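When we follow UniProt numbering, the leftmost residue of the sequence shown carries the number 1, and every step to the right adds one. A quick write-up on the structure given underneath.
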Amino acid sequence: MSTTTIEKDQKTIVHSQTVKKTFPVLDMTCAACAISVESMLKSVTGVAGAGVNFANQTAWVEYDPAIATTADLQKTVRSIGYDLVIDEANSTEIKEAARQDHYESLKQRTIWASILSLPIVIIGMFFMNMPYGNYISMALTVPVIGWFGRSFFINAWKQARHGKANMDTLVALSTGIAFVFSAFNTINPDFWHARGIHPHVYYEAASVIIAFISLGKLLEERAKYNTSSAIKKLMGLQPKTVRVVMEGKEQEIPVSAVLPGHTILVRPGEKIPVDGIVTSGSSYVDESMITGEPVPVQKRSASKVFAGTVNQKGSFQFQAQKVGNDTMLAHIIKMVQEAQGSKAPVQKLVDKIAGIFVPVVIGIAILTFVVWLIAGGDNAFTNALLTSVTVLVIACPCALGLATPTAIMVGIGKGAEHNMLIKDAESLELAYKVNTIILDKTGTITEGKPVVSQMVWLPGAENNKVLKQILYSLEIQSEHPLAEAVINELKKEGVTAGEVTNFESVTARGVTGVHNGKRYFAGNQQLIDENGISHVALVQPALLLQKQANTVVYFADQHQVLAIIAIADKIKATSAKAVQQLMNMGIGVYMLTGDNEQTAAAVAAEVGITHYAAGMLPDGKADFVKKLQLQNKVVAMVGDGINDSHALAQADVSIAMGKGSDIAMDVAKMTLITSDLQSIPKALVLSRKTVRTIRQNLFWAFIYNLIGIPLAAGVLYPVNGFLLNPMIAGAAMALSSVSVVTNSLRLRSTKL
1 MSTTTIEKDQ KTIVHSQTVK KTFPVLDMTC AACAISVESM LKSVTGVAGA
51 GVNFANQTAW VEYDPAIATT ADLQKTVRSI GYDLVIDEAN STEIKEAARQ
101 DHYESLKQRT IWASILSLPI VIIGMFFMNM PYGNYISMAL TVPVIGWFGR
151 SFFINAWKQA RHGKANMDTL VALSTGIAFV FSAFNTINPD FWHARGIHPH
201 VYYEAASVII AFISLGKLLE ERAKYNTSSA IKKLMGLQPK TVRVVMEGKE
251 QEIPVSAVLP GHTILVRPGE KIPVDGIVTS GSSYVDESMI TGEPVPVQKR
301 SASKVFAGTV NQKGSFQFQA QKVGNDTMLA HIIKMVQEAQ GSKAPVQKLV
351 DKIAGIFVPV VIGIAILTFV VWLIAGGDNA FTNALLTSVT VLVIACPCAL
401 GLATPTAIMV GIGKGAEHNM LIKDAESLEL AYKVNTIILD KTGTITEGKP
451 VVSQMVWLPG AENNKVLKQI LYSLEIQSEH PLAEAVINEL KKEGVTAGEV
501 TNFESVTARG VTGVHNGKRY FAGNQQLIDE NGISHVALVQ PALLLQKQAN
551 TVVYFADQHQ VLAIIAIADK IKATSAKAVQ QLMNMGIGVY MLTGDNEQTA
601 AAVAAEVGIT HYAAGMLPDG KADFVKKLQL QNKVVAMVGD GINDSHALAQ
651 ADVSIAMGKG SDIAMDVAKM TLITSDLQSI PKALVLSRKT VRTIRQNLFW
701 AFIYNLIGIP LAAGVLYPVN GFLLNPMIAG AAMALSSVSV VTNSLRLRST
751 KL
């Protein structure tokens, strides 16, 4: 049998017995790291396939456990300087701890690099000729370069092993050359004095570059770390322990020990631990994390309940059906994780440029050295060394490193002035491309809280204070979530409670009570019809209010309806204007809601939206986003609830309402502090102007190099004997940085 056949047969065996698992990967810092980890995993015997996602720091591996163990996979990954978390029970905790440690380490390195750089800059700028100044600067620069900035050199080496170059390569190269050149000039200044040249040092350039770019990486890492908190908060929606009824006795057990078939008791105010079906009792449950709708849903026998939703005032028992990773909450968590990680990391424009720029600069420096060495005459070596170092110094990436972060920082500050908190630079860079916006209804277009929109009384009853007191007394004893809206409205009129006896709550209908021997009712139309109460006088107003997406509550005595109360989730005053502004910008606007078709149609019509979808669950909203993305649309999602978190994570640009859930705000890359949707068009304009500033900055960062590098290489020497002094090269580098910062600051005065 040939080797090929053996390999083919082995591959078949591997595929027939494989398992597929996902593991967190630690210590990856760039896309090249992910490529390296992936290739090493694929090389392990028994592995049928592997893939590494740099965005969410995970690797999936399909392998045959009989041939390859998780320990083998971990050993292989560790051999190239990374780590694979194989402890499945505690993988999330280990990954979070490692991420926290990395963030704290980077924070400390940035702080100390900045502290040590300050005296170096002061000496280099104002006390250049002070005694032992160069030695003091060198001593302070050594820990900045060798310890606090070591990650740049480590990452540059990792890139070089893959034959690649990025911003870290440029930082390591320029700061390393500047330090070595400066150290040589400090220790052996006579080398240059003997040749009639003043030995310049560039300690401040080397240290400041390390400090400033470390700050940029810290801000980026902070944004990544904050993103993961959404997953932790989603996990926190499930209680740690539950009360299980076994053989008629209550027993408290960990939620992880719950099995399908267990009977679970839920008391008022508690979170529901797993998915199941109600067997006894009744209550209202807040399911806004699933539907997004603010009105709790009534639960009674045979009703389904879901993990993470919150019980209101009643209590009930239910039979567990789906537990652990099978619950709807677990699916939402998984969907958010996958959506956050499914986006390939957008390779920064600076890294793309640096990938070409670094090899070119190195090539020019080497070519400069060789040409001068061959054709430099008497001072061939001196001029070769001086010109090649000058090329590397003038190519220093300070302005390049400042180009994007300074514009982003000013843009983020400008956004904050206009009630926009921007957590992720990527979203600010991408927002200007958005051509489709999806708006959640409840809490985004509307206020997100049921209020009384209209109260219509039977002629002659509208000023009857006693009737209003009776209605107040009935509603204040009601467990129905809409009762609070009626109470708040009556409070505004100064109504207080009246005397009501024989109070009774009628399941799924409303409430009833007696005042002065006369029975009164407050509830839905079924309650009125079942008690034979006439509502002819107010039937037309009731039908009209229902068509306008109101929930109608009836208040009646034993004979007739005395009042109808319309309760609705009010549309925000500026929603229609914001929708019109977006449409005027050529952006398609869609509305998604978990509410019913009639309400959705009424709200969409009122704000001027023609494209909408009703009855949408979390996965449905995310699928809607994907569908639009498959049509090559750049989609922004605006939402406020847990039910929006999957769609927010899936969208190209995600915007949360500041008064919404913490989880929505954590998943979203932008948060509107105000509830005014008119901030969204402003965010898109800010993005457009920020990206334009970044491009201008890159121009200024490179124009000096395009002019300066040829001069540094000595192209004018054969013409007029001119050689660029390294000190002038350093000044040109500083001037390019000043140009970049000044241009970024212009964003402050821009109008949105």
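Built from N, CA and C at the ideal position, the CB exists for glycine as well. Computed from a prediction, not measured in an experiment: that's the story for all the values here.
Considering Cα atoms alone, identify which of the options is closest to residue i.
| i | options | result |
| --- | --- | --- |
| D87 | I394, T70 and G532 | T70 |
| M670 | A556, K465 and E426 | E426 |
| Q540 | V552, E530, G532 and H418 | V552 |
| Q548 | T309, T501, T406 and A568 | A568 |
| Q298 | N311, A307 and M289 | N311 |
| A384 | L723, P260 and R161 | L723 |
| I694 | R109, T141, L265 and M409 | M409 |
| residue 755 | K441, T690 and N488 | Nothing can be reported for residue 755, as the shown portion of the chain is limited to 1 through 752. |
| A668 | A431, I197 and P189 | A431 |
| I122 | I136, R109 and W112 | I136 |
| L544 | S505, Q469, V456 and G594 | V456 |
| I332 | M289, I374, L367 and V360 | M289 |
| F555 | Q546, T512 and W372 | T512 |
| N419 | R78, V691 and K682 | K682 |
| Q546 | L562, T496, A600 and S534 | A600 |
Please state whether DSSP places residue i in a helix, a strand or coil.
| i | result |
| --- | --- |
| T382 | helix |
| A50 | strand |
| Y63 | strand |
| K633 | coil |
| R748 | helix |
| N550 | coil |
| M201 | Note on residue identity: the sequence assigns Val, not Met, to residue 201. Looking at V201 - three-state DSSP - the assignment turns out to be coil, as it is neither helix nor strand. |
| Q74 | helix |
| G639 | strand |
| G196 | coil |
| S675 | coil |
| H262 | coil |
| V25 | strand |
| T4 | Note that T4 scores 38 on pLDDT, short of 50, meaning its location in the model is unreliable and no value can be drawn from it. |
| Y612 | strand |
| V738 | helix |
| A68 | coil |
| T327 | coil |
| V245 | strand |
| S453 | strand |
Taking the Cβ atom as the reference point for each residue, do residue i and residue j lie within a distance shorter than 8 Å?
| i | j | result |
| --- | --- | --- |
| K42 | A34 | no |
| V305 | V323 | no |
| A576 | E606 | yes |
| I253 | T241 | yes |
| A48 | E38 | no |
| V603 | I445 | yes |
| T327 | V244 | no |
| S214 | T141 | no |
| A113 | A211 | yes |
| A320 | G276 | yes |
| L527 | I564 | no |
| V391 | I364 | yes |
| I533 | V579 | no |
| M28 | Y103 | no |
Roughly how many whole angstroms lie between the Cα atoms of residue i and residue j?
| i | j | result |
| --- | --- | --- |
| V466 | G498 | 7 Å |
| N134 | T186 | 6 Å |
| S744 | K423 | 19 Å |
| K441 | W60 | 37 Å |
| A380 | V370 | 10 Å |
| P450 | A485 | 6 Å |
| K626 | Y590 | 14 Å |
| F179 | A172 | 10 Å |
| P459 | H559 | 15 Å |
| L582 | T593 | 19 Å |
| D652 | F127 | 51 Å |
| K414 | R748 | 6 Å |
| Q469 | K491 | 10 Å |
| D644 | A205 | 47 Å |
Ranges of the alpha helix (DSSP H) found wholly within the region 277–315, counting only runs of at least 4 = 288–291
inquiry  = Please give me, in chain order, every unbroken run of the beta strand (DSSP E) with length at least 3 that falls completely inside the region 473–543.
reply    = 501–506, 510–515 and 518–523
key: Continuous alpha helix (DSSP H) assignments of at least 4 residues falling wholly in the region 564–598   = 575–584
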